[in-house]
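Residue numbers (the working numbering): 1 to 375. Have a look at the structure below, then the notes.
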Amino acid sequence: MTTVLVIGGGIIGCCIADALAEAGVAVEVLERDRIASGSSGLAVGVVESQYTDPGWIDLRVFARRAFDVLAAEAEIGFVRSGYLRLGYTADDVERFAGSVAHQRTLGVEDARVVDVDEIRGLVPALRTDDVAGGLWCPSDGYVDPHLATVAFGERARARGARIVEGCAVTGADRADGVWRLATTHGERRADVVVNAAGPWAPQAAALLGAASDVSPQRRSAIQVHLAEPLPYVHPFTMNYIPGVNPYGAYVRHESADRLICGLHSEDLLDPPSNPDDYPRGVTQDWQEQLAGQLAVRFPGLADGMAFGEGWSGLYPCRPSREPSIGWRRDADGVIDAVGFGGGGLQSGPAAGAIVRDWLLHDAPVAIPSAASLAP
């Protein structure tokens, strides 16, 4: 029987362990700290499929269904607030229509393009005079990222996976077709090693003798307190289209008088951050930039709002804006599951299925389009 070691106990690593254990594979996750202690636990929790790239849509639709199943089994804080992506040109709306058409082929029935009048009804606080349309799905929303990651990990354990916390990988050697990993919990051996180390992916790759172009990009989010409670649940509203604008503000419901807001981008906007030593708070400049965007795009919210607690995490981005999932060509017995940018949480179950399929079938049979994501 093939044995597998997974480096990293975030959402990707836990979902890989879950998928492999379900398939009867002997798998052990090595997590340097605690489950979800890194970027996964710092996410804002969005779960949606309102993207414009067909490959990303395939991953997210698969994963959304997995979150639906998990939410019926465990408390993961799934709030179906709906998800709205804003568009400003006819080309944007055309892309949105293409997204809806592709989602229909995958069985998503409630995603649709909405016009300006509908957008005003969904988000009364939004400025819409320059908006051309939106991509909307009412059953999308967000989860508690820590609860969701832990739930996938616990299900993996129940299926037979081992998850070792506080276990940092410090060295690696391969001989006679077997990997030997030196860790703070002693040596671990397996036929295959999966790099699911998130922002630590370059360090893990180096230990395994492989290359990695993952660049940890610092991104921030903050709680926003409103002067008056909202009489509606604010949809997760994204003012960003990948490949069109470098970044955009998003607004997410937290409670009637509190929102989670931030600036999102999948691009490499900054030098890579050190995942072991980066500022965890938010800067004054960033707060001013966000406040300016909120004032322009959400004038109905900006009056009387106040910033609360803020935090920063790391997006493990790649220049291609796509993850790397599959067998490495430059290192025997190594599978990549890295570079998910800001979409790791909502792609975790898809990553698990893809890694499982590469291992067992040498092709991503559950999500065939993911073959293009192989290293």
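Heads up, the beta-carbon is just placed ideally off N, CA and C, and yes, glycines get one too.
Proximal residues to residue i (C-beta, below 8 Å), its chain only, five neighbours per side dropped
i: Val113; result: Val93, Phe96, Ala97, Val100, Gly133, Gly134, Leu135 and Trp136
i: Ser57; result: The question names Ser, yet the displayed sequence has Ile at residue 57. Once the five neighbours on either side are set aside, the close Cβ partners of Ile57 are Ser49, Tyr51, Ser99, His102, Gln103 and Leu106.
i: Asp191; result: Thr2, Thr3, Val4, Gly177, Val178, Trp179 and Gly333
i: Asp110; result: Cys137, Pro138 and Ser139
i: Thr89; result: Ala132
i: Arg155; result: Asp18, Leu70, Glu73 and Ala74
i: Glu187; result: Arg180 and Leu181
Other residues of its chain near residue i: CB distance less than 6 Å, five sequence neighbours each side excluded
i: His253; result: Ser81, Val233 and His234
i: Arg127; result: Arg297 and Pro299
i: Ala353; result: Ala19 and Ala366
i: Tyr83; result: Glu48, Gln50, Cys137, Asp140 and Phe236
Reduced DSSP category for residue i - H, G, I as helix; E, B as strand; rest coil
i: Arg189; result: strand
i: Ala221; result: strand
i: Asp18; result: helix
i: Asp140; result: coil
i: Gln367; result: According to the sequence shown, residue 367 is Ile rather than Gln. Coil, per DSSP.
i: Val47; result: strand
i: Gly198; result: helix
i: Glu254; result: strand
i: Arg120; result: helix
i: Thr105; result: helix
i: Pro216; result: strand
i: Val233; result: coil
i: Gly98; result: helix
i: Asp110; result: coil
i: Ile163; result: strand
Cβ neighbours of residue i in the same chain (closer than 7 Å, five flanking residues each side left out)
i: Asp330; result: Ala210 and Ala211
i: Arg280; result: Trp311 and Ser312
i: Ser372; result: Gly55
i: Ala66; result: Pro349
Expected contact under 8 Å - CB spacing of residue i and residue j to nearest Å
i: Val251; j: Phe307; result: So it is not a contact: roughly 13 Å between Cβ atoms.
i: Val143; j: Gly45; result: 5 Å
i: Pro364; j: Phe340; result: Not a contact, Cβ separation roughly 15 Å.
i: Gly262; j: Ser320; result: So it is not a contact: roughly 23 Å between Cβ atoms.
i: Ile35; j: Glu165; result: 6 Å
i: Val214; j: Pro316; result: 5 Å
i: Glu28; j: Arg162; result: 4 Å
i: Ile12; j: Ala337; result: 5 Å
i: Ile7; j: Val169; result: 6 Å
i: Gly10; j: Gly198; result: 5 Å
First and last residue of the uninterrupted beta strand (DSSP E) at residue i
i: Leu259; result: Arg258 to His264
i: Phe236; result: Phe236 to Met238
i: Thr183; result: Val178 to Thr183
CB contact below 8 Å: residue i versus chain B
i: Glu28; result: The chain inventory of the structure shown lacks chain B, comprising one protein chain alone.
Host alpha helix (DSSP H) of residue i (start-end)
i: Gly344; result: Gly344 to His361
i: Gly82; result: Here Gly82 belongs to no alpha helix (DSSP H), and DSSP marks it neither H nor E.
i: Glu73; result: Pro54 to Glu73
* Return the chain-ordered ranges of every beta strand (DSSP E) run that is complete within the stretch 305-340 and spans a minimum of 3 residues. => Entirely contained in the stretch 305-340, the beta strand (DSSP E) runs reaching 3 residues are, in chain order, 306-317, 324-327 and 334-338.
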